[in-house]
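Structure first, then comments.
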Amino acid sequence: MPTVTFHKGGQTYTGEVPDNANLVVRAGIRQFPFPHLRYECGMGKCAKCACRVLAGAEHLPPVNWKEKKQLGERIESGYRLACQLWLGHDIELAQDAEVAPAREPAAAVGQP
Ligand code: FES
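In terms of UniProt numbering, the sequence shown is residues 1 to 112.
See below:
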């Protein structure tokens, strides 16, 4: 059973989750880390669930295309989309107060 340590708003929340747990799915059924985890779509489309991985990143699967699209350069700072992660090992995560979406594809349109 992985132990999840979750930091948000200056508070630290710790809980055990079953193997292969997804934190957004759990929050959706009001299990830890509910009500602290911010999320919305659950499908890698909104980036609301973005978290910075402080420990345990080595056990996570490679960043997928949805995370690359939503997080952009923040991946290099350790950000992942919680809704895209199924946890098999202990992990420590921090969620910022608010994370803006990565650059919009449309932003490049019209550039000289
Ligand atoms: S909840 Fe929308 S990207 Fe994870």
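We put the beta carbon where it would ideally sit given N, CA and C, even for glycine.
I'd like to check one pair, residue j with residue i: are the Cβ atoms closer than 8 Å?
| i | j | result |
| --- | --- | --- |
| G88 | N22 | no |
| G9 | A97 | yes |
State the start and end residues of the unbroken alpha helix (DSSP H) segment that holds residue i.
| i | result |
| --- | --- |
| V4 | Premise fails: V4 lies in the beta strand (DSSP E), 3-8, not in any alpha helix (DSSP H). |
| E67 | 65-71 |
From which residue to which residue does the beta strand (DSSP E) around residue i run?
| i | result |
| --- | --- |
| residue 113 | Residue 113 cannot be examined here, being either before or after the span of the chain that is shown, 1 to 112. |
| G88 | Run containing G88: none; DSSP gives neither H nor E here. |
Where does residue i sit, in a helix, a strand or coil, going by DSSP?
| i | result |
| --- | --- |
| Q31 | coil |
| C83 | helix |
| A47 | coil |
| V53 | strand |
Rounded to whole angstroms, what's the CA-CA distance from residue i to residue j? Just pull it up for me.
| i | j | result |
| --- | --- | --- |
| Y13 | F6 | 5 Å |
| A55 | H36 | 19 Å |
| Q111 | Q70 | Below a pLDDT of 50, predicted positions are generally treated as unreliable, and Q111, at 49, falls in that range; no measurement from the model is reported. |
| A50 | P61 | 16 Å |
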